[in-house]
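First the structure, in the form of structure tokens, and then the observations on it.
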Amino acid sequence: MWPLLRVKVSFFRNGGFAVAVGVSHKICDTTSLGMFICDWTNAAKGNVLAVKPDFESSIFYPPGDLSINLPPTMERTSTLTKRFVFGPDKIKELKSKASSKLVTHATRNEATTALLLKYMMRASRSTADCIIAQTMDLRGRVPSSFLSDKALGNFFFLPTLKEHTEKEIELQDLVFKLRNNKKELDELINEDSDQVGERLMSSMLSTLYEMSPETETYVVTSWCRMPFYGADFGLGTPVWVAADSIDKTQVVLVDANDGEGIEAWVTLPEDDMFAFENDEELLAFAST
248 MWPLLRVKVS
258 FFRNGGFAVA
268 VGVSHKICDT
278 TSLGMFICDW
288 TNAAKGNVLA
298 VKPDFESSIF
308 YPPGDLSINL
318 PPTMERTSTL
328 TKRFVFGPDK
338 IKELKSKASS
348 KLVTHATRNE
358 ATTALLLKYM
368 MRASRSTADC
378 IIAQTMDLRG
388 RVPSSFLSDK
398 ALGNFFFLPT
408 LKEHTEKEIE
418 LQDLVFKLRN
428 NKKELDELIN
438 EDSDQVGERL
448 MSSMLSTLYE
458 MSPETETYVV
468 TSWCRMPFYG
478 ADFGLGTPVW
488 VAADSIDKTQ
498 VVLVDANDGE
508 GIEAWVTLPE
518 DDMFAFENDE
528 ELLAFAST
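In case it helps, this note's numbering puts the sequence shown at residues 248 to 535.
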């Protein structure tokens with residue numbers, strides 16, 4: 248059985264150490280993990296009064312008397328996870344390329360995500376439809392009177408895009424669709440605040456039911472601007488933060504240690520990864 252929390256500390260012969268933390272998604276999301284790590288490091292330095300988590304899951308998502316069986320996802324026999332680094336100058340160039348009349352100022356996350364998805368879909372060489380799922384943190388979007396910024400649990404939304412792969416999608420078009428997903432989420436939240444939790448859960452489950460083993464699914468999540476680089480046990484802040492490999496087609500965006508660049512951890516089937524990591528158009532912006 249998978250434990251709720253795992254921690255491993257590795258000490259290096261020449262000094263320094265690494266802390267690996269794994270938590271079950273059954274109890275919290277990545278934002279919660281970031282808050283836990285920061286509170287843990289504060290407590291380690293004696294600042295226990297700073298540890299004030301809010302457990303609001305049962306209030307925001309009232310327990311239902313339903314048994315939910317989600318459709319199975321496509322099984323992967325063998326995948327690879329590799330890191331692709333986007334420096335500040337390349338991100339600036341990419342943001343300019345990804346902006347358009349529809350989205351005049353693409354964010355670094357939008358531009359990077361769209362570029363990666365464009366070439367992941369090209370590498371798959373599939374002609375079937377695919378689904379793009381992008382995780383969005385609800386904290387800061389839902390009014391604080393309904394959901395605290397310090398809430399621990401799974402408070403994210405997973406909107407999806409259905410794409411046809413017969414024709415390669417343009418970068419600017421994909422950025423527009425990603426931005427539109429954010430607008431639709433904000434509209435969904437503002438419809439009726441009193442029922443926002445139930446409404447969001449119902450909407451997300453409806454989109455998840457569209458997935459099937461025959462559909463290629465790309466999941467994108469961002470750890471950017473999360474407080475991992477501020478974690479200090481009293482010996483200094485981390486020199487590097489990385490995401491673990493995941494056995495499914497996924498992208499995890501993490502801040503580079505300069506706070507400006509982005510490291511993308513991409514998981515793909517082995518054959519797809521070979522084509523992806525050798526795509527010259529991708530490598531014009533990213534280094535490996």
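Cβ coordinates follow ideal geometry from the N, Cα and C atoms, glycine included. None of these values were measured; they are calculated from a predicted model.
Go through the segment 425-469 residue by residue and report every complete run of the alpha helix (DSSP H) that reaches 4 residues or more, in order.
-> Fully enclosed alpha helix (DSSP H) runs of no fewer than 4 residues occupy 443-455 of the segment 425-469, in order along the chain.
Close beta carbons around L327, own chain, < 6 Å, minus the five adjacent residues each side = Only E517 and M520 meet the Cβ criterion.
Nearest to F393 by CA position, among R426, F307 and S343, is which residue?
-> Residue nearest to F393 within the set R426, F307 and S343 is F307 (criterion: CA-CA distance).
Boundaries (first-last residue) of the beta strand (DSSP E) holding S271 = For S271, there is no enclosing beta strand (DSSP E), as DSSP gives it neither H nor E.
For the segment 345-381, list the beta strand (DSSP E) runs that are entirely contained and at least 3 residues long, ordered along the chain.
-> Runs of the beta strand (DSSP E) spanning 3 or more residues and lying entirely within the segment 345-381 occur at 377-381, in chain order.
Sorted by chain position, which residues of the same chain lie with C-beta nearer than 6 Å to E507's C-beta, five sequence neighbours on each side aside?
-> So the list reads P335, once near-sequence residues are dropped.
Thinking A511 and T359 are a contact (beta carbons under 8 Å), I'd like their distance in whole angstroms, please.
-> Indeed, because the Cβ distance is near 6 Å, the residues count as touching under 8 Å.
What does DSSP give as the partner residues of D518 in its beta bridges?
-> D518 pairs with nothing; no bridge assigned.
Using three-state DSSP, classify T496 as helix, strand or coil.
-> It is coil, neither helix nor strand.
Under a Cβ-count criterion, where at least 16 other Cβ atoms within 10 Å of its own Cβ denotes burial, should P390 be classed as buried or exposed?
-> The residue in question, P390, is exposed, as its Cβ has fewer than 16 Cβ neighbours within 10 Å.
May I ask you to list the residues that DSSP assigns as paired with W249?
-> DSSP links W249 through a beta bridge to no other residue.
Three or more beta-carbon pairs under 8 Å between the segment 436-454 and the segment 341-357, yes or no?
-> Segments in contact, no.
Residue from F258, K273, A265 and V498 whose Cα sits closest to the Cα of P250 = If you compare the alpha carbons of F258, K273, A265 and V498 with that of P250, the shortest gap goes to K273.
Range covered by the beta strand (DSSP E) that runs through E410 = DSSP places E410 inside the beta strand (DSSP E), whose first and last residues are T407 to E410.
Ordered along the chain, which non-local residues of its own chain (more than five positions away) have a Cβ less than 7 Å from that of H411?
-> By the criterion of a C-beta distance shorter than 7 Å, H411 is surrounded in its chain by D376, once the five residues flanking it on both sides are discounted.
Around the C-beta of Y465, are 16 or more other C-beta atoms found within 10 angstroms, so that it is buried, or is it exposed?
-> With 16 or more other Cβ atoms from the protein chains shown falling within 10 Å of its own Cβ, Y465 counts as buried.
Select from T277, F283 and Y366 the residue whose C-alpha is nearest the C-alpha of F480.
-> Across the set T277, F283 and Y366, the C-alpha of F283 shows the shortest separation from the C-alpha of F480.
V254 burial status per 10 Å Cβ neighbour count (16 or more: buried) = Classification for V254: exposed.
Assign F302 to buried or exposed, taking buried as 16 or more other Cβ atoms, counted over all protein chains shown, within 10 Å of its Cβ.
-> With fewer than 16 other Cβ atoms inside 10 Å of its own Cβ, F302 counts as exposed.
Pick from P474, F523, V332 and L362: whose alpha carbon is nearest that of S346?
-> Looking at the Cα atoms, L362 is the closest of the given residues.
Identify, in the order they occur along the chain, each residue of the same chain with its Cβ nearer than 7 Å to the Cβ of C275, setting aside the five sequence neighbours on each side.
-> These residues qualify, in order along the chain: L399, G400 and N401.
Interface flag, P335 vs chain B, CB-CB below 7 Å = Among the chains of the structure shown, chain B does not appear; only one protein chain is present.
Span of the beta strand (DSSP E) holding T326?
-> Residue range T326 to F333 is occupied by the beta strand (DSSP E) that includes T326.
From this set, T277, N261, F258 and G262, which residue's C-alpha is nearest L252's C-alpha?
-> L252 has its Cα closest to that of T277, out of T277, N261, F258 and G262.
Near V268, what residues of its chain come up, given a Cβ to Cβ distance below 6 Å and the 5 sequence neighbours on each side ignored?
-> Excluding sequence positions up to five before and after V268, its CB lies within less than 6 Å of the CB of V254, all in the same chain and listed in chain order.
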